[in-house]
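Student:
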Amino acid sequence: MNEYRFTLPYPPSLNTYWRRRGSQYYISDKGQKYRKDVQQIIRQLKLDIFTKARLRIKVIADVPDSRRRDLDNILKGLLDSLIHAGFAEDDEQFDDIRVIRGVKVPGGRLGIKITELENV
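First residue of the sequence shown: 803, per the working numbering; consecutive thereafter.
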């Protein structure tokens, strides 16, 4: 059972990650930048492994400020960015997803722990 630990920047909220033009949705400029940042980090860590395993992810979300925020708003952008970066093949591979509010850190950050699950 492989385990991966790394830190990522705090993502844009789901409310600012996606945009809509007419009936079409697209990723905003903020979302595109976040995806590129995550891709660069994953490649530097040599974690663009395209794992096929079932996965568990634990996220410690160190928030950027004292504003009220819904932690679940960070998930879709985070998981999509991990897939885009080549960590896994599809975000449906995540069977166990946990997000824990951490401390306030200027700019925010995400502490990530991903575990490959056995025989799920």
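Built from N, CA and C at the ideal position, the CB exists for glycine as well.
Can you give me the C-alpha to C-alpha distance between residue 914 and residue 862, rounded to a whole angstrom?
Tutor: Rounded to whole angstroms, residue 914 to residue 862 spans 7 angstroms at the Cα level.
Student: Indicate the three-state DSSP secondary structure (helix, strand or coil) for residue 923 in the structure shown.
Tutor: Summary: the structure shown does not reach residue 923, with the chain confined to residues 803 through 922, and so no result is reported for it.
Student: Once you ignore the five residues that flank residue 879 on each side, which residues in its own chain have a CB closer than 7 angstroms to its CB?
Tutor: Within the same chain, residue 879 has close Cβ partners 813, 814, 816, 819, 833, 836.
Student: Buried or exposed for residue 840, please, with buried defined as at least 16 other CB atoms from any protein chain shown within 10 angstroms of its CB.
Tutor: It is buried - the Cβ of residue 840 has at least 16 other Cβ atoms within 10 Å.
Student: Going by Cα to Cα distance, which pick from 908, 902, 888, 893 is closest to residue 842?
Tutor: Among 908, 902, 888, 893, the Cα nearest to that of residue 842 is on 888.
Student: Determine the DSSP secondary structure at residue 906, reduced to helix, strand or coil.
Tutor: In the structure shown, residue 906 sits in coil (DSSP, three-state: anything other than H, G, I, E or B).
Student: In this structure, does DSSP put residue 872 in helix, strand or coil?
Tutor: Three-state DSSP puts residue 872 in coil, outside helix and strand.
Student: What residues are listed by DSSP as bridge partners for residue 758?
Tutor: This structure cannot speak to residue 758, because the chain is shown only from 803 to 922.
Student: Using the DSSP secondary-structure output, state which residues sit across from residue 821 in a beta bridge.
Tutor: Paired residues: 828.
Student: Whole angstroms are fine: how far does the CA of residue 882 sit from the CA of residue 908?
Tutor: Each residue's alpha carbon lies about 24 angstroms from the other.
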